[in-house]
Amino acid sequence: MKNIDQYDAGLHGQLSCFLNRESELLDNFQLKEWQATCVDESIRYVVPLRQTVMQEDGDGFSEDSHLQSDDWNALTMRIKRFDSRAAWSENPQTRLRHFVTNVRVGDRVAIGGNSKNYEATVKSNVLIYRSRGPSPDHDLLSAERIDTIRCVDGDIKLLRREVRIDSAVVGTHNFSFIF
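Anchor point for the sequence shown: position 82 equals 81 in numbering that gives the first Met the number 0, and the numbering is continuous, going up by one each time.
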């Protein structure tokens, strides 16, 4: 991430607005629109399994085991399933809210020699509130998202997302939502 003297307020604002719009679509279960407008067809979307390890043994995120590991086609199938009767875990539909904070923008790399076309690494923290039905019970999940975002001709899309959940044990009944 950049030092404060290298901060680009315009880029930070542009990418923060993108993340806010994305969260709104996910919160409202507009998943087809989310995929069409926010996701690049070359997407790699991973949620690595977190392990509790000693500090000297690494960061605790598995490179081989994932709670979710999707490309464009897998995301398409996941979204179609949410819209079908087979998605019994979403009937009644979940009430979902993404709180995206602490957005940090890394280096911007120009694509094709055009400074308006770029890829940037964006880290953010996310807290997800989820509830269902009349029960007062709810889930809170916190994570860090490490995104690669691509902008071509003003069109901003998510190219890669790694979601690093803070808990080694995910205390939720199912995983039927998108971070």
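Every residue gets a Cβ at the ideal spot worked out from N, C-alpha and C, and that includes glycine.
- Residues of the same chain with their beta carbon placed closer than 8 Å to that of E55 are lacking, with the five preceding and five following residues left out of the count.
- Beta-bridge partners of E143 (DSSP): N124 and R163.
- Partner residues in the beta bridge of F98, as assigned by DSSP, are L126.
- Taking C-beta separations shorter than 6 Å and ignoring five residues to either side along the sequence, the partners of D138 in its chain run R129 and T171, following chain order.
- Cα atoms of R20 and P133: separation of roughly 28 Å, rounded to the nearest angstrom.
- E118 sits away from V104, with the two beta carbons spaced by 8 Å or more.
- Distances from the alpha-carbon of F98 to those of G9, Y6, G12 and L25 put L25 closest.
- Between the alpha carbons of T100 and G112 lies a distance of about 31 Å.
- When the Cα atoms are used, I155 and C37 turn out to be separated by approximately 7 Å.
- L140 is the residue among L140, F178, C150 and E161 whose C-alpha sits nearest the C-alpha of A167.
- Residues of the same chain with a CB within less than 7 Å of the CB of D39, apart from the 5 flanking positions on each side, are R149, K156, L157 and L158 in chain order.
- Within the model, the alpha-carbon separation for D146 versus Q13 is close to 14 Å.
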